[in-house]
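Working notes, beginning with the structure itself.
Written out as structure tokens, the structure is:
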């Protein structure tokens with residue numbers, strides 16, 4: 016810069032060289048370089064051996080859609096008479112590929128969404144519950160970024176339709192378009208690149224006044240928002256080493272976890288909009304059209320009416336249980352799977368939309384499929400009779416404890432006579448002894464079948480006497496310096512006359528006491 020400043024000051028190459036302390040040739044070089052805009056410093060292009068073969072390389076790159084390998088191209092060039100190095104070939108192929116990609120790159124335009132226009136949904140692999148793999152249904156309202164995550168058992172059409180109905184009702188309206196993948200439940204086939212819609216899906220869309228569109232094949236960018244939502248949902252809901260989640264014991268626990276996840280992500284500020292999705296949904300809901308009052312039930316199966324007193328429905332010569340809260344209501348029954356894995360699915364449509372209420376394996380005639388959780392606590396039957404007091408005396412006897420209840424059941428089963436008299440005797444003994452001991456004695460008598468008149472007092476006396484005596488008083492106990500083994504001193508008197516004594520022996524007195 017000092018050289019150029021000196022030249023601008025003097026206008027002479029030699030004078031500028033003297034001021035800058037360099038040769039006038041150096042000044043001339045920098046002056047010409049500035050005038051040429053830097054072109055002087057560029058190396059001159061030299062001809063290469065591959066220049067004559069570049070059109071052929073471009074042809075191969077075009078035919079292979081930019082995927083041809085440089086080593087393959089070099090072999091082909093050698094066969095055509097090329098004598099250059101493979102390094103030169105690699106550089107030439109890389110340059111041609113770079114130019115090809117620059118001319119064929121896809122330019123993405125930012126998607127500016129509109130209120131109430133688009134709803135996207137996709138699926139993710141859910142956790143395993145009770146040995147069965149589940150599916151996460153993830154829906155994403157494009158403008159407000161409001162997410163709905165629902166666990167479903169499978170990706171069959173009835174399950175998807177039920178999830179969409181619940182999603183619409185949770186959003187409080189239906190958008191104009193629904194975008195998803197090309198599943199068989201949506202698209203049966205493609206003809207000349209045009210997707211052919213599933214007839215049942217068309218009926219579903221007409222019922223909710225919505226238009227269903229599908230993504231272009233092999234183009235996940237058209238619904239990247241849902242793809243990201245599925246990824247985040249799996250990271251927070253599926254137990255992995257990264258989140259340290261425990262396995263879900265029941266399907267209800269997974270449903271509760273999904274609701275908690277939706278509450279968390281919809282109430283915090285979104286990274287893009289800087290606003291909570293639940294606040295933006297309140298604005299977008301004004302542009303959604305109302306949800307149909309009655310859900311679309313054509314794909315849910317055959318209707319069955321639950322009896323008013325027995326929560327069992329009949330389907331194809333088999334009986335299946337449903338929750339007892341559905342007594343007198345209508346359910347839809349369908350089959351899922353084939354062979355040994357075939358299942359019968361029952362769906363109920365309530366105020367919140369269709370909900371799967373039961374799933375059983377195929378039943379056979381005469382052998383119904385029953386889930387104990389579908390029934391309330393059963394009243395007493397012939398095999399489970401429990402004592403219930405009918406008067407004050409019975410209540411006072413049963414209040415003694417479980418031993419008294421057991422005595423009553425066992426004594427009645429044994430045909431014991433004068434049971435009321437014996438119960439009154441037990442209450443009298445409870446005033447003399449500790450009621451806890453009387454209850455224990457009644458239980459002991461019931462276990463050993465002792466129901467005679469004096470049995471209860473005998474058990475109490477024996478139990479109370481053993482508890483009152485001290486160790487060693489009236490009974491013999493083994494210790495570190497005392498044994499209960501029979502001694503040998505008695506054998507020394509064999510053959511002796513009465514009154515004759517044998518010499519004293521160690522431990523003889525104690526042994527004689529033990530023998531006596």
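In my numbering, the protein residues as written are 16 to 531. Just so you know, even glycine gets a beta-carbon here, dropped at the ideal spot from N, CA and C.
Where residue i falls, given that 16 or more other Cβ within 10 Å makes a residue buried
i	result
residue 320	exposed
residue 126	exposed
residue 95	exposed
residue 116	exposed
residue 369	buried
residue 447	exposed
residue 518	The pLDDT assigned to residue 518 is 47, lower than 50, so where the model puts this residue is not dependable, and the model offers no usable value.
residue 32	buried
residue 391	exposed
residue 166	buried
residue 474	buried
residue 295	buried
residue 160	buried
residue 311	buried
residue 240	buried
residue 284	exposed
residue 182	buried
residue 89	buried
residue 458	buried
residue 156	buried
residue 120	exposed
Identity of the residues DSSP links to residue i by a beta bridge
i	result
residue 403	Residue 403 is not bridged to any residue.
residue 330	333
residue 374	360
residue 206	209
residue 121	According to DSSP, residue 121 bridges with nothing at all.
residue 162	155
residue 63	Beta-bridge pairing links residue 63 to no other residue.
residue 140	150
Beta-carbon contacts of residue i that lie in its chain and below 6 Å, excluding the five residues immediately before and after
i	result
residue 99	64 and 65
residue 529	Low per-residue confidence applies at residue 529: pLDDT is 43, beneath 50, and the placement is therefore not dependable, though the value from the model is reported in the following sentence. No residues qualify anywhere along the chain.
residue 28	39, 42 and 43
residue 488	Below a pLDDT of 50, predicted positions are generally treated as unreliable, and residue 488, at 44, falls in that range; no measurement from the model is reported.
residue 262	254
residue 136	154 and 195
residue 484	For residue 484, the predicted structure reports a pLDDT of 44, less than 50, and the residue's modelled location is therefore unreliable. A value from the coordinates is still provided. Excluding sequence neighbours, residue 484 sits near nothing in its chain.
residue 522	With a pLDDT of 43 at residue 522, under the threshold of 50, the modelled position of this residue cannot be trusted; read the value that follows with caution. So the list is empty, once near-sequence residues are dropped.
residue 323	342 and 343
residue 18	35, 42 and 45
residue 402	413, 420 and 423
Residue i vs residue j beta-carbon contact at 9 Å
i	j	result
residue 173	residue 333	no
residue 194	residue 149	no
residue 188	residue 290	no
residue 185	residue 371	no
residue 415	residue 453	yes
residue 451	residue 177	no
residue 353	residue 335	no
residue 219	residue 314	yes
residue 203	residue 213	yes
residue 76	residue 108	yes
residue 144	residue 266	yes
residue 249	residue 367	no
residue 425	residue 464	yes
Same chain, Cβ closer than 7 Å to residue i, neighbours up to 5 away in sequence not counted
i	result
residue 470	460
residue 129	158
residue 412	419, 438, 441 and 442
residue 270	166
residue 282	291 and 293
residue 318	345 and 347
residue 456	471, 474, 475 and 478
residue 602	Since the first and last residues shown for the chain are 16 and 531, residue 602 lies out of range.
Residue range of the beta strand (DSSP E) that includes residue i
i	result
residue 190	First-last for residue 190: undefined, no H or E at that position.
residue 458	Where residue 458 is concerned, there is no enclosing beta strand (DSSP E), although the alpha helix (DSSP H) it sits in stretches over 450 to 463.
residue 303	Per DSSP, residue 303 belongs to no beta strand (DSSP E) and is neither H nor E.
residue 241	Element bounds for residue 241: not the beta strand (DSSP E) but the alpha helix (DSSP H), 239 to 252.
residue 435	Premise fails: residue 435 lies in the alpha helix (DSSP H), 434 to 447, not in any beta strand (DSSP E).
residue 534	The requested residue 534 is not part of the displayed model; the chain covers only 16 to 531.
Close beta carbons around residue i, own chain, < 8 Å, minus the five adjacent residues each side
i	result
residue 277	162, 163 and 164
residue 170	138, 150, 198 and 200
residue 303	131, 186, 187, 188, 189 and 190
residue 337	321, 326, 327, 328, 346, 361, 363, 372, 373 and 389
residue 192	132, 133, 134, 225, 226, 227 and 228
Delimiting residues of the alpha helix (DSSP H) encompassing residue i
i	result
residue 282	266 to 282
residue 215	214 to 223
residue 44	39 to 50
residue 89	85 to 94
Any chain B beta carbon closer than 9 Å to residue i
i	result
residue 287	The structure shown contains no chain B, having only a single protein chain.
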